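First up is the structure itself, then whatever we jot down about it.
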Amino acid sequence: MSSSFMPHAVSWSQDQPLIWTMVVTNTITFVSYFSICITLFYLARRTRRSLHRDWGYLAIGFALFIVACGSTHLLEVITTWNPVFWIDACTNIITAILSGYVAVQFIRKAPDLGFGINDYAVRLTNSESEKAQIEESLLAARKLEEWNRMSAVVTHEIANPLAAIQNLMFLIEISPGATAEIVAMAQQSSEEVRRIEALTRSTLGFFRQTNTPEKVDLRSSAESVRLLLDPLLRKRGIELEIRTSGDCVVTAFPVETRQVLLNLVRNACEATVRKEAKVRVIIAGKPDAVEVVVEDEGAGIDPLMLPSLFHFGASTKGDRGNGMGLWVVKQLVEKHGGSIGLDTRPGEGTRFTIVWPRQFSASGGTDEAVATPFGPRLRRSET
Numbered sequence: 038m039s040s041s042f043m044p045h046a047v048s049w050s051q052d053q054p055l056i057w058t059m060v061v062t063n064t065i066t067f068v069s070y071f072s073i074c075i076t077l078f079y080l081a082r083r084t085r086r087s088l089h090r091d092w093g094y095l096a097i098g099f100a101l102f103i104v105a106c107g108s109t110h111l112l113e114v115i116t117t118w119n120p121v122f123w124i125d126a127c128t129n130i131i132t133a134i135l136s137g138y139v140a141v142q143f144i145r146k147a148p149d150l151g152f153g154i155n156d157y158a159v160r161l162t163n164s165e166s167e168k169a170q171i172e173e174s175l176l177a178a179r180k181l182e183e184w185n186r187m188s189a190v191v192t193h194e195i196a197n198p199l200a201a202i203q204n205l206m207f208l209i210e211i212s213p214g215a216t217a218e219i220v221a222m223a224q225q226s227s228e229e230v231r232r233i234e235a236l237t238r239s240t241l242g243f244f245r246q247t248n249t250p251e252k253v254d255l256r257s258s259a260e261s262v263r264l265l266l267d268p269l270l271r272k273r274g275i276e277l278e279i280r281t282s283g284d285c286v287v288t289a290f291p292v293e294t295r296q297v298l299l300n301l302v303r304n305a306c307e308a309t310v311r312k313e314a315k316v317r318v319i320i321a322g323k324p325d326a327v328e329v330v331v332e333d334e335g336a337g338i339d340p341l342m343l344p345s346l347f348h349f350g351a352s353t354k355g356d357r358g359n360g361m362g363l364w365v366v367k368q369l370v371e372k373h374g375g376s377i378g379l380d381t382r383p384g385e386g387t388r389f390t391i392v393w394p395r396q397f398s399a400s401g402g403t404d405e406a407v408a409t410p411f412g413p414r415l416r417r418s419e420t
């Protein structure tokens, strides 16, 4: 071979600056290509669980193509003094094959790459608005938590003045000079004071959390919700009907059962605009669970909302809602191992159905919207 071919050093007329310029630049190029190849192999290995197999093969093929290109530059250094040009030619053949493979794969995957890049750009554009929405929802949650703390303090402080007022009303009732009209007004005032006391006691204990699940009577939870929502019920002229049957006791976190019922009943009241309409809470004890139904006579839920109804940030109230109520309900119910579904009838109302296990058993599930004779239904499927 050496008798037929000359090394590059001879062809370049022993021009030392030219020789060393070619040697140094080709060496740097080879080392750079080789490091890129090692990096691609490392990335393919680290992302093998999330990267599709076809893309993994493309990454490996591209890495081999890169190192093959680098090898041609290494051969340029070697053939500067050693005329092993057939080895150089074989290296170029391998590089050509890998180049063709990578080129074909890139052409095949160009649509997927374009879609992925555009999708990422859209997600990046929407990320700021999504972040702002999440921050707003979390801020609303923090405000609610602070309101709960302040309401506990206020209701506790109200208790003493109420007791004093009730004592004064009693003294007025038994006063020798009091007329029948005054006594009647004092008795009526005492009744209102007792009603306020019941409301403050309910509010004070409503958000008091326990560390472990305990026996909870869902009937009592529903009655405490009635007390809290009484001003809203009277303002809207709505009747809250609570019907119970069987054993309604479950093992749960009391504050969370009340929070679930409060969210559902309040939503039902806000969805009911007709005077003298009814919101019903039907609690039925079953052998292994308690079924809780909350139904209203409102306008129903838009079918387009059903797929995302229980998602964080989804709200049927538009700008008036923060999109946390039903999301919280679903999380709390599934935390206790229960399930939640709904039937909605456009123009007739909505019915939420909760199956609350008697024993605390945390589990999870997924929800899907399906059709029923009365309209869309959200059905929970176990995973």
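Here my numbering is used: the first residue of the sequence shown is 38, the next is one more, and so on.
Yeah, the Cβ is synthetic: ideal placement off N, Cα and C, and Gly gets one too.
Quick caveat, the model's predicted, so the values are computed rather than measured.
Check your understanding: In this structure, what does DSSP give as the bridge partners for G322?
Key -> Residue numbering aside, residue 322 sits at position 285 when the sequence shown is read from its first letter. Note: G322 sits in a beta bridge opposite V327.
- [ ] Would you mind sorting C285 into buried or exposed? The rule is 16 or more other CB atoms within 10 Å of its CB.
- [x] The residue given as residue 285 occupies position 248 in the sequence shown. So C285 ends up on the buried side.
Given a cut-off of 7 angstroms, decide if I233 and L199 are closer than it, judged by their beta-carbon atoms.
Start at 1 with the first residue of the sequence shown, and residue 199 comes out as number 162. Start at 1 with the first residue of the sequence shown, and residue 233 comes out as number 196. Yes, these two residues count as a Cβ contact at 7 angstroms.
Three-way DSSP call (helix, strand, coil) for F152 in this model: To locate residue 152, count along the sequence shown from 1; it is residue 115. Of the three classes helix, strand and coil, the one that applies to F152 here is helix, per DSSP.
- Message: So for H45, helix, strand or coil by DSSP?
- Response: By 1-based counting over the sequence shown, the position of residue 45 is 8. The answer is helix: DSSP assigns H45 an H, G or I state.
Report task. Please say whether A336 and E328 have beta carbons closer to each other than 7 angstroms? Result -> The sequence position of residue 328 within the sequence shown is 291, counting from 1. The sequence position of residue 336 within the sequence shown is 299, counting from 1. No, the pair does not count as a contact, with Cβ atoms beyond the cut-off.
*Indicate whether the contact test is met: 3 or more Cβ pairs, each with one atom in the stretch 56 to 65 and one in the stretch 74 to 82, closer than 8 angstroms.*
No: the two stretches stay apart, fewer than three of their Cβ pairs being nearer than 8 angstroms.
* To do: Look at the alpha carbon of F102 and the alpha carbon of T162, and state the distance between them as a whole number of angstroms.
  => Residue numbering aside, residue 102 sits at position 65 when the sequence shown is read from its first letter. Residue numbering aside, residue 162 sits at position 125 when the sequence shown is read from its first letter. In a straight line, the C-alpha of F102 is about 35 angstroms away from that of T162.
Distance between L369 and I171 (C-alpha atoms, nearest Å): Here residue 171 refers to the residue found at position 134 of the sequence shown. Here residue 369 refers to the residue found at position 332 of the sequence shown. Roughly 19 angstroms between the two C-alpha positions.
For this session: Take N119 and list the residues in its own chain whose beta-carbon comes closer than 7 angstroms to its own, dropping the five residues that flank it on each side.
Result: As a working mapping, residue 119 is identified with position 82 in the sequence shown. Setting aside the 5 residues that flank it on each side, N119 is surrounded in the same chain by P44, each with a C-beta closer than 7 angstroms to its C-beta; the list follows chain order.
Report all residues from its chain with a CB closer than 8 angstroms to the CB of V220; omit the five preceding and five following residues, and keep chain order. For the purposes of this step, residue 220 is identified with residue 183 of the sequence shown, where counting begins at 1. For V220, same chain residues with a beta-carbon under 8 angstroms away, outside a window of 5 residues either side, are I209, E210 in chain order.
On the criterion of 16 or more Cβ atoms from any shown chain inside 10 Å, does R340 qualify as buried, or is it exposed? In the sequence shown, counting from the first residue as 1, residue 340 sits at position 303. Checking the sequence shown, residue 340 turns out to be Pro, not Arg. Flag for P340 reads exposed.
Can the beta-carbon of L265 be found closer than 7 angstroms to that of V316? Residue numbering aside, residue 265 sits at position 228 when the sequence shown is read from its first letter. Residue numbering aside, residue 316 sits at position 279 when the sequence shown is read from its first letter. The answer is no: Cβ separation not under 7 angstroms.
query: The alpha helix (DSSP H) spanning R295 covers which residue range?
result: Counted from its first residue, the sequence shown places residue 295 at position 258. Judged by DSSP secondary structure, R295 falls within the alpha helix (DSSP H) whose first and last residues are 291 to 308.
Between the C-alpha atoms of N359 and V230, what's the straight-line distance to the nearest angstrom?
As a working note, residue 359 is residue 322 in the sequence shown. As a working note, residue 230 is residue 193 in the sequence shown. Annotation note: pLDDT 48 at N359 (below 50); position unreliable, no value reported.
From A308, P268, T76, residue whose alpha carbon lies closest to that of E385: Translated into positions along the sequence shown, residue 385 becomes position 348. Across the set A308, P268, T76, the C-alpha of A308 shows the shortest separation from the C-alpha of E385.
From the DSSP output, which residues share a beta bridge with R382? By one-based count along the sequence shown, residue 382 stands at place 345. In the DSSP secondary-structure assignment, R382 is bridged to G386.
- Query: If you follow the alpha helix (DSSP H) that I338 is part of, which residue opens it and which one closes it?
  - Reply: Along the sequence shown, read from residue 1 onward, the residue named residue 338 stands at position 301. I338 -> no alpha helix (DSSP H), and no H or E assigned at all.
Using only CA atoms, which one of S376, F99, L299 lies nearest to V318? One-based indexing of the sequence shown puts residue 318 at position 281. Of the residues S376, F99, L299, the one whose Cα lies closest to the Cα of V318 is L299.
- Message: At a cut-off of 6 angstroms, would you count Y79 as near the ligand NAD, judging by its Cβ distance to the nearest heavy atom?
- Response: Absence of the ligand NAD from the depicted structure is noted, as is the absence of any ligand whatsoever, leaving it without description.
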